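In terms of the working numbering, the sequence shown is residues 300 to 555. For every residue, glycine included, the Cβ atom is placed at its ideal position computed from N, Cα and C. Note that the structure is predicted; figures quoted are calculated from it, not measured.
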Amino acid sequence: MGLLDGKIGVVFGVANKRSIAWAIAQAWAREGARLAFTYQGERLKENVAELVSAFGSDTLLMPCDVTRDDQIEAVFQELRQRHGRLHLLLHSVAFAPREALEGRYLDTSREAFRVALDVSAYSLTALARAAAPLMTEGGSILTLSYYGAEKVVPHYNVMGVAKAALEASVRYLAYDLGPQRVRVNAISAGPVNTLAARGISGFTEMLRHYEAKSPLRRNVLPEELGATGLFLASDGAAAITGQVIYVDCGYQIMGM
Ligand code: NAP
Numbered sequence: 300m301g302l303l304d305g306k307i308g309v310v311f312g313v314a315n316k317r318s319i320a321w322a323i324a325q326a327w328a329r330e331g332a333r334l335a336f337t338y339q340g341e342r343l344k345e346n347v348a349e350l351v352s353a354f355g356s357d358t359l360l361m362p363c364d365v366t367r368d369d370q371i372e373a374v375f376q377e378l379r380q381r382h383g384r385l386h387l388l389l390h391s392v393a394f395a396p397r398e399a400l401e402g403r404y405l406d407t408s409r410e411a412f413r414v415a416l417d418v419s420a421y422s423l424t425a426l427a428r429a430a431a432p433l434m435t436e437g438g439s440i441l442t443l444s445y446y447g448a449e450k451v452v453p454h455y456n457v458m459g460v461a462k463a464a465l466e467a468s469v470r471y472l473a474y475d476l477g478p479q480r481v482r483v484n485a486i487s488a489g490p491v492n493t494l495a496a497r498g499i500s501g502f503t504e505m506l507r508h509y510e511a512k513s514p515l516r517r518n519v520l521p522e523e524l525g526a527t528g529l530f531l532a533s534d535g536a537a538a539i540t541g542q543v544i545y546v547d548c549g550y551q552i553m554g555m
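Shown next as structure tokens:
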């Protein structure tokens with residue numbers, strides 16, 4: 300008997316096998332959830348298709364650039380037709396132009412700010428709004444954040460501002476969706492070596508810093524993010540909503 304038996308979920312943000320979304324999707328699937336996946340642009344299609352084929356040839360895989368309302372609508376229309384309902388949504392998507400992730404936050408252009416906030420923060424609201432009518436049996440919406448939302452992390456810049464907006468969105472969405480038993484939470488992950496992370500200047504140094512300074516003296520493992528993602532999706536977390544849960548080997552408690 301799996302913890303998520305009978306649950307239907309949709310996953311946004313698998314780029315490759317190192318993606319945090321992939322670690323969480325695997326944990327959800329192992330416990331019985333039936334999952335659909337999306338990818339951004341044709342460039343990733345083949346890669347993601349190969350990965351998700353592990354879940355069976357009938358696994359739904361659709362394109363979805365989260366800045367495109369028409370693509371979001373198409374995904375949820377297809378989910379409605381196939382399953383008629385939805386229980387789980389994973390939002391594991393973020394982007395900022397590379398030049399905005401080096402140098403000073405002060406120099407962030409209006410366009411870089413707009414793109415970063417649209418892709419990395421607004422998209423959660425857009426997806427939650429599209430998912431809510433399908434979550435008729437209650438549900439769990441999960442997103443990924445980072446400590447740069449709360450404190451200054453050099454080079455994280457506009458992405459920190461986007462994550463702050465994302466975390467505030469988690470709270471407002473949790474309030475709006477609570478009456479229909481839909482919970483909304485974020486995992487604030489310690490650094491993990493993924494495609495998106497490599498776009499942040501000085502990322503390798505960041506990994507070393509966490510290893511030296513965090514109470515557990517190491518970096519978080521993807522499967523540990525998967526385990527927390529599973530907990531938050533399961534009935535064990537039935538009374539947890541609007542929260543940002545740190546899964547960072549304790550780094551967030553440190554003052555120095
Ligand atoms: P990842 O594997 O590169 O995943 C990021 C995903 O976002 C990719 O699938 C990417 O697709 C997608 N994406 C970007 N723009 C998009 C758009 N317009 N529409 C749809 N999808 C889009 O990296 P990750 O580290 O697992 O990132 C997942 C989440 O975890 C992000 O929110 C990230 O900020 C967060 N996080 C990461 C770390 C870390 O250290 N890795 C720590 C804390 C939080 P493309 O490849 O096509 O752009």
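Residue i Cβ short of 7 angstroms to the ligand NAP heavy atom set
i, result
"D364", "yes"
"R317", "yes"
"Q551", "no"
"G312", "yes"
"P453", "no"
"V469", "no"
"S444", "yes"
"T493", "yes"
"G528", "no"
"F412", "no"
"G340", "yes"
"S391", "yes"
"F394", "yes"
"P478", "no"
"A425", "no"
"L343", "yes"
"P490", "yes"
"A496", "yes"
Residue i versus the options, residue with shortest Cα-Cα distance
i, options, result
"E449", "V351, M458, K344", "M458"
"I319", "G340, R381, A496", "A496"
"L405", "R428, L360, P453", "P453"
"D547", "H508, A429, Y455, S356", "H508"
"L302", "L529, S439, A425, A324", "L529"
"A430", "R317, A335, T358", "A335"
"V491", "L524, Y471, K344", "L524"
"R428", "L443, L472, A411", "L472"
"Y455", "T407, L476, Q376", "T407"
"A537", "V469, S439, F311", "S439"
"G355", "S444, Q325, G477", "Q325"
"A411", "V460, G447, L443, Q380", "V460"
The alpha helix (DSSP H) enclosing residue i, as first and last residue numbers
i, result
"V374", "368-382"
"V313", "That residue, V313, is in no alpha helix (DSSP H); it is neither H nor E in DSSP."
"A474", "Before going further, note that residue 474 is Tyr rather than Ala in the sequence given. 456-476 is the span of the alpha helix (DSSP H), which, as asked, contains Y474."
"S422", "422-430"
"L524", "521-532"
"T503", "502-512"
"N492", "Run containing N492: none; DSSP gives neither H nor E here."
"R403", "Where R403 is concerned, there is no enclosing alpha helix (DSSP H), given that its DSSP letter is neither H nor E."
"N518", "It is not in any alpha helix (DSSP H) - N518 carries neither H nor E in the DSSP assignment."
"A348", "341-351"
N-terminal and C-terminal residue of the beta strand (DSSP E) that residue i is part of
i, result
"A320", "Not the beta strand (DSSP E): A320 falls in the alpha helix (DSSP H), residues 319-329."
"A488", "481-488"
"S391", "Taken as a continuous stretch (DSSP letters only), S391 belongs to no beta strand (DSSP E), as it is neither H nor E."
"V546", "543-546"
"P362", "360-362"
"Y561", "Residue 561 is absent from the structure shown; the chain starts at 300 and stops at 555."
"L441", "438-444"
Same chain, Cβ closer than 6 angstroms to residue i, five either side skipped, listed in chain order
i, result
"C363", "T337, Q370, V374"
"Y545", "S487, Q551"
Beta-carbon proximity list for residue i, same chain, < 8 angstroms, skipping 5 on both sides
i, result
"I539", "R482, N484, L531"
"E341", "P362"
"A425", "V365, D368, I371"
"R516", "E510, C548"
"Y474", "G541"
"N518", "G489, P490, V491, L506, Y509, E510, C548"
"A527", "First, the residue type needs correcting, since residue 527 is Thr and not Ala in the sequence shown. Result list for T527: I486, I544, V546, in chain order."
Neighbourhood of residue i by C-beta distance below 7 angstroms, restricted to the same chain and skipping five residues each side
i, result
"L378", "V309, A335, L385, L433"
"L343", "A314"
"G498", "R397, L400"
query = Are the region 300-310 and the region 473-488 in contact at 8 angstroms, needing three or more beta carbon pairs?
reply = Not touching, per the Cβ criterion.
query = Do three or more CB pairs link the region 326-333 to the region 462-474 at distances below 8 angstroms?
reply = Because the criterion of three Cβ pairs below 8 angstroms is not met, the region 326-333 and the region 462-474 do not touch.
ask   = Looking at C-beta atoms only, is the number of pairs between the region 423-435 and the region 374-386 that lie closer than 8 angstroms three or more?
value = The count of Cβ pairs closer than 8 angstroms, one atom from the region 423-435 and one from the region 374-386, reaches three, so the stretches are in contact.
message = Under 8 angstroms, with one C-beta from each stretch per pair, do the region 547-554 and the region 344-355 reach the 3-pair mark?
response = The region 547-554 makes no contact with the region 344-355; the number of CB pairs closer than 8 angstroms stays below 3.
inquiry  = Taking contact to mean 3 or more Cβ pairs, one atom from each stretch, closer than 8 angstroms, check whether the region 390-401 and the region 415-423 are in contact.
reply    = Short answer: they touch.
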